[in-house]
Amino acid sequence: MSETAITRTVVVTDPAGVHARTAVAIAEVVRRGQATVTLIKDYQRVPATEVLQVLTLVAEPGETLQIEAQGPDANAVLDQLEPLFAGQFGEEAQPFAK
Amino acid sequence: MRKLQGIAVSPGVAIGEALVMDNEGFRIPRRFVARDAVVDELERLEKAVAAAATEIAHHRETVSAELGEKYGGIFEAHLQMLQDAKLRSEVEEMIRQRHYSPEYAVSRVLRRYAQVFQRLESSYLAERASDIFDIEKRLLRHLLGRRREGIAHLTSPVLVLAHNLTPSETANLDRRFVRGFVTEVGGPGSHTAIVAEALEIPAVVGTGAFLTEVSGGELTIIDGDKGLVILQPDEETLNRYRREAEELRIQATKLEPLRELPAETRDGVRVQLLGNIEFPYEVDHCVDRGADGVGLYRTEFLYLGADSEPTEEVHLQAYTRVVQAMGDKPVVIRTFDLGADKMPNMARMEDERNPCLGLRSIRLALRNLPIFRTQLRAIMRATPLGKVRIMFPLVSTLLELRQAKMVLADVMEDLQEHNVPFDRDVPVGMMVETPAAVMMADRFVEEVDFLSLGTNDLIQYALAVDRSNKDVVNLYNPADPAVLRLIAMAIQAASRKQLPISMCGQMSGSPLYTMLLLGMGLRQLSVTPSAIPEVKSLCRSVTIPECQAVAQRVMGMEHARDVKNYLKEEVKKYVREITE
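As given, the protein sequences belong to chains H and P, one line each in that order. Quick note: the first sequence uses my numbering, first residue 380, plus one each step. Quick note: the second sequence uses my numbering, first residue 674, plus one each step.
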């Protein structure tokens, strides 16, 4: 159990980008865990629990993001976050309806 | 400082605080709060956020229950955006540090967020801007409470900036405090343009989208001569416009003594200068400028913004006000000139793909006789009160004119049967605003008492140009030789029969064309009341032979540009400054 930050790179494959529903799902996952999670695009860093800030990253399809997690369950949280960038929300495979 | 170019529709310069209205007539309020009010203001923000959150949570439950979790999810997103910690601290900071009002701070901060998304063209994420606006609107509604009404309740002078103004909004606006209009959409014939002209305040329309970048209370300049809007002007620009506004005031004062003098050329030919009005109170503007009458009383306002069709009494009340104010001077009342879409309680026409060429005006009147008869009855009842004249708009065939006259005869018969007094000899005329009416003018003159050239529509129909389409609006030009030939034809047809003919379009109010029009033979010009002094001053500076020479020269020209340049030079010989 390390307290150092783990960083993972993800590519946004959801054709709608990181949209409102993704942002809400990300925030929910992070709040359930103990790790502090930051999303990074280029030089912009935002806390993963702040939906509005996550949206302002404007992560469009095909773009690359870094997810930085720090805490006892960092790896587990990152595992849960990753599919969200592909638009997979567990029970449904479709992205949020337009 | 930011400059926006739009279409100039009502002249003058106004400098003042912006009142920003969104699509729902929602008002974005003023900027600063008192230093000692900051704590209270923060508390007000707190309450508004809490109330908005409760409301959104409620929506989430209802929508989820009705349409499923997936749809309720968008409200969950709104809720979380609203409660975003950084957003909150940014808003609070603005209130605490800069003493912004919570309303201003909220719209300022949220609009900055919205801009991030708006910059993304065509992306799915770009639509997130509307989520932000939705949150802004919700918060403002809670912050403002009852104070959110639009332009009906004002306490200080403002410049109204809006996407578009609806007839009902302008009908209810507080005239004492509105100093100018800017709308993102609209063209020269738009409702805003007409209302601004009626109020004699500057207006610019068709600027394109900009409202998301301004907030209420910001210093703004409206240049109604150049069609410019300047947001947050720098000191230099502000001073320049203040000087200009002052000069305009001085110039207006200089023209004031003209009120008592007739519009008579140097060689003693009397020109009738009449006023165009839409609202009854404008008759006072005509009287103030010493107008020779009302050459065009548009009656559309009676229908616009009303929930139901106006009664005969409502019509009569408006006409009485105007006719009595003008005394023994003529008042030309034009029957309604609207499309079905603007009439209360009238079904919208299906397939009305081209309203300008559709069922409107006299065509609509002849298809809806009860409405038409109500108006004609009221006009006839006003005839004993002064010098009333009736005018039919958009006549394009002789049959239409005859039908309209038959309806009028029928109305008269009906009034007589009921012993209602009216003037049987009321002069009946028509607008000449379609090329068809010009081509048939020699026949029309046999059946009417007067003609009035409506150049706004005539230009549009002759040149096949929609004035509100910015891609072709440059083709819309009163100086186009094709238009001038049509005008000349109509004047010739009328003068052969010695029938009075006037012009009541915007062209007649522009001093640029005064010499040309007099030279072409017009002796009656009906203009927007504020233009009377300037046009009169020019009439009094010229002789008819001078004007005829100008007209002769112009009629030989091939391009609108040449005509305009030449007229500018000519007019300059008589007056130093003219506004086009």
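We treat Cβ as the ideally placed atom computed from N, Cα and C, and that holds for glycine.
Original post:
The alpha helix (DSSP H) spanning P/Ala1038 covers which residue range?
Top reply: The residue you call residue 1038 of chain P lines up with position 365 of the second sequence. For P/Ala1038, the uninterrupted alpha helix (DSSP H) run begins and ends at Ser1034 to Arg1040, by DSSP.
**OP:** May I ask you to report which of helix, strand or coil DSSP gives P/Ala691?
**Re:** To locate residue 691 of chain P, count along the second sequence from 1; it is residue 18. Shown here, P/Ala691 sits in a strand according to DSSP, grouped into three states.
Original post:
If you drop the 5 nearest sequence neighbours on each side, which residues of the same chain put their C-beta closer than 6 Å to that of P/Met1113?
Top reply: Within the second sequence, the letter at position 440 stands for residue 1113 of chain P. Sequence-distant Cβ neighbours of P/Met1113 in its own chain, meaning closer than 6 Å and more than five residues away, do not exist here.
Subject >> Check whether P/Arg1196 and P/Leu934 have beta carbons under 8 Å apart >> reply: Here residue 1196 of chain P refers to the residue found at position 523 when the second sequence is read from its first residue. Here residue 934 of chain P refers to the residue found at position 261 when the second sequence is read from its first residue. The answer is no: Cβ separation not under 8 Å.
Subject >> Proximal residues of chain P, C-beta to C-beta of H/Ala427 below 8 Å >> reply: Here residue 427 of chain H corresponds to residue number 48 of the first sequence, with the count starting at 1. The premise fails here: H/Ala427 is roughly 12 Å from chain P at the closest Cβ pair, so nothing lies under 8 Å.
Subject >> H/Gly441 burial status per 10 Å Cβ neighbour count (16 or more: buried) >> reply: Reading the first sequence from its first residue, position 62 is the one you call residue 441 of chain H. Taking all protein chains in view, the Cβ of H/Gly441 is surrounded by fewer than 16 other Cβ atoms within 10 Å, so the residue is classified as exposed.
Original post:
Between P/Gly897 and P/Val877, which are expected to be in contact by the criterion C-beta below 8 Å, what is the C-beta distance as a whole number of angstroms?
Top reply: One-based indexing of the second sequence puts residue 897 of chain P at position 224. One-based indexing of the second sequence puts residue 877 of chain P at position 204. That pair is a contact at about 6 Å.
Original post:
So what does DSSP say about P/Met640, is it helix, strand or coil?
Top reply: Because chain P spans 674 through 1253 in this model, residue 640 of chain P falls outside it and cannot be assessed.
**OP:** Tell me whether the beta-carbon of H/Arg400 lies closer than 8 Å to the beta-carbon of P/Gly746.
**Re:** To locate residue 400 of chain H, count along the first sequence from 1; it is residue 21. To locate residue 746 of chain P, count along the second sequence from 1; it is residue 73. Taking C-beta atoms as the reference points, H/Arg400 and P/Gly746 count as a pair closer than 8 Å.
**OP:** Taking P/Val956 as the reference, give the member of P/Pro930, P/Ala991, P/Lys927 and P/Tyr914 with the closest Cα.
**Re:** Along the second sequence, one-based indexing puts residue 956 of chain P at 283. Ranking the options by Cα distance to P/Val956, first place goes to P/Ala991.
Original post:
With a CB to CB cut of under 8 Å and the five nearest residues on each side skipped, what residues in its chain are close to H/Met380?
Top reply: Counted from its first residue, the first sequence places residue 380 of chain H at position 1. In this prediction, H/Met380 has a pLDDT of 47, which is less than 50 and means its spatial position is unreliable; what the coordinates show is noted afterwards. Answer for H/Met380: Pro451, listed in chain order.
Subject >> CB of P/Phe850 within 8 Å of CB of P/Pro830, strictly >> reply: By one-based count along the second sequence, residue 850 of chain P stands at place 177. By one-based count along the second sequence, residue 830 of chain P stands at place 157. Judged by beta-carbon spacing, P/Pro830 lies within the 8 Å limit of P/Phe850, meaning their Cβ atoms are closer than that value.
Original post:
Excluding the five sequence neighbours on either side, which residues of its own chain have a C-beta within less than 7 Å of the C-beta of P/Gln1221, listed in chain order?
Top reply: Stepping through the second sequence from its first residue, residue 1221 of chain P is reached at position 548. Gly1192.
**OP:** Below 8 Å CB to CB, which residues in the same chain sit around P/Arg932 once its five sequence neighbours on both sides are set aside?
**Re:** Translated into the one-based positions of the second sequence, residue 932 of chain P becomes position 259. So the list reads Asp961, Arg962, Gly963 and Pro1206, once near-sequence residues are dropped.
Original post:
Closer than 9 Å, Cβ to any Cβ of chain H: which residues of the segment 755–786 of chain P, in chain order?
Top reply: Listed in sequence order: Leu755, Gln756, Asp757, Ala758, Lys759, Leu760 and Tyr786.
Subject >> Short CB-CB distance (under 8 Å) between P/Val722 and chain H >> reply: Residue numbering aside, residue 722 of chain P sits at position 49 when the second sequence is read from its first letter. Using beta-carbon distances, P/Val722 does not count as an interface residue toward chain H, since no partner is under 8 Å.
**OP:** Measure the beta-carbon distance from P/Glu728 to P/Arg811 and round it to whole angstroms, keeping in mind my assumption that it falls under 8 Å.
**Re:** Translated into positions along the second sequence, residue 728 of chain P becomes position 55. Translated into positions along the second sequence, residue 811 of chain P becomes position 138. Going by Cβ atoms, the distance from P/Glu728 to P/Arg811 rounds to 7 Å, so yes, they are a contact pair.
Original post:
With DSSP run on the structure shown, which of helix, strand or coil describes P/Glu955?
Top reply: Numbered from its first residue, the second sequence carries residue 955 of chain P at position 282. Note: P/Glu955 maps to helix in three-state DSSP.
Subject >> Alpha carbon of P/Thr885 to alpha carbon of P/Val693, nearest angstrom >> reply: As a first step, residue 885 of chain P must be located in the second sequence, where it is residue number 212. As a first step, residue 693 of chain P must be located in the second sequence, where it is residue number 20. Taking the straight line joining both Cα atoms gives about 9 Å.
**OP:** State the Cα-Cα distance for the pair H/Gln449 and H/Ile419, rounded to the nearest angstrom.
**Re:** Indexing the first sequence from 1 puts residue 449 of chain H at position 70. Indexing the first sequence from 1 puts residue 419 of chain H at position 40. Their backbone Cα atoms lie some 14 Å apart in a straight line.
Subject >> Residues near P/Val1080 by beta carbon distance below 7 Å, same chain, minus five either side >> reply: By one-based count along the second sequence, residue 1080 of chain P stands at place 407. Cβ neighbours of P/Val1080 beyond the five flanking positions: Leu1042, Phe1045, Arg1046 and Leu1049.
Subject >> Terminal residues of the alpha helix (DSSP H) in which P/Phe1117 lies >> reply: The sequence position of residue 1117 of chain P within the second sequence is 444, counting from 1. Unbroken alpha helix (DSSP H) run through P/Phe1117: Ala1114 to Phe1117.
Original post:
For H/Arg479, which residues in chain P fall below 7 Å Cβ to Cβ?
Top reply: The structure shown does not extend to residue 479 of chain H, since chain H is modelled only from 380 through 477, so no value can be given for it.
Subject >> Residues within the segment 382–416 of chain H neighbouring chain P, beta-carbon criterion of under 7 Å >> reply: Result list: Ala395, Gly396, His398, Ala399, Arg400, Ala402, Val403 and Ala406.
Original post:
In terms of residues, what are the limits of the alpha helix (DSSP H) holding P/Glu734?
Top reply: In the second sequence, the residue the question calls residue 734 of chain P occupies position 61. From DSSP, the alpha helix (DSSP H) with P/Glu734 extends over Val711 to Leu740.
Original post:
Pick from P/Leu1190, P/Leu1240 and P/Lys1143: whose alpha carbon is nearest that of P/Val858?
Top reply: For the purposes of this step, residue 858 of chain P is identified with residue 185 of the second sequence, where counting begins at 1. When only C-alpha atoms are compared, the closest one is P/Lys1143.
Original post:
Would you say H/Glu439 faces chain P, with C-beta separation under 8 Å as the test?
Top reply: In the first sequence, the residue the question calls residue 439 of chain H occupies position 60. Residue-level contact by beta carbon holds for H/Glu439 and chain P, with a gap shorter than 8 Å.
**OP:** Report the residue from P/Val1215, P/Leu677, P/Ala681 and P/Gly948 whose alpha carbon sits nearest the alpha carbon of P/Val1146.
**Re:** Numbered from its first residue, the second sequence carries residue 1146 of chain P at position 473. When each option's Cα is compared against that of P/Val1146, the closest is P/Ala681.
Original post:
Can you tell me where the beta strand (DSSP E) with H/Gln491 in it begins and where it stops?
Top reply: The question about residue 491 of chain H has no answer, for chain H in this structure spans 380 to 477.
**OP:** Determine whether the Cβ of P/Leu813 lies closer than 8 Å to any Cβ atom of chain H.
**Re:** The residue labelled residue 813 of chain P in the question sits at position 140 within the second sequence. Using beta-carbon distances, P/Leu813 does not count as an interface residue toward chain H, since no partner is under 8 Å.
Original post:
P/Glu1231 by DSSP, collapsed to three states: which one?
Top reply: As a first step, residue 1231 of chain P must be located in the second sequence, where it is residue number 558. Coil.
**OP:** Compute the beta-carbon to beta-carbon distance between P/Leu1032 and P/Gly1012, rounded to the nearest angstrom, for a pair I have assumed lies under 8 Å.
**Re:** Counting from one through the second sequence, the residue named residue 1032 of chain P turns up at place 359. Counting from one through the second sequence, the residue named residue 1012 of chain P turns up at place 339. Yes, P/Leu1032 and P/Gly1012 are in contact; Cβ-Cβ is about 7 Å, under 8 Å.
Original post:
Looking at C-beta atoms only, is the number of pairs between the segment 1178–1191 of chain P and the segment 1231–1240 of chain P that lie closer than 8 Å three or more?
Top reply: Contact between the segment 1178–1191 of chain P and the segment 1231–1240 of chain P is present, because at least three Cβ pairs lie under 8 Å.
Original post:
What is the DSSP secondary structure of H/Pro474, reduced to helix, strand or coil?
Top reply: Position 95 of the first sequence, counted from the start, is the residue given in the question as residue 474 of chain H. Unreliable placement is indicated for H/Pro474, whose pLDDT of 41 sits below 50; the coordinate value is still reported in the next sentence. Correct three-state label for H/Pro474: coil.
**OP:** Answer yes or no: does any C-beta atom of chain H fall closer than 8 Å to that of P/Gln753?
**Re:** The residue you call residue 753 of chain P lines up with position 80 of the second sequence. With 8 Å as the cut-off, P/Gln753 counts as an interface residue toward chain H.
Original post:
Mind pulling the chain H residues with CB within less than 8 Å of P/Asp804?
Top reply: To locate residue 804 of chain P, count along the second sequence from 1; it is residue 131. Ala399, listed in chain order.
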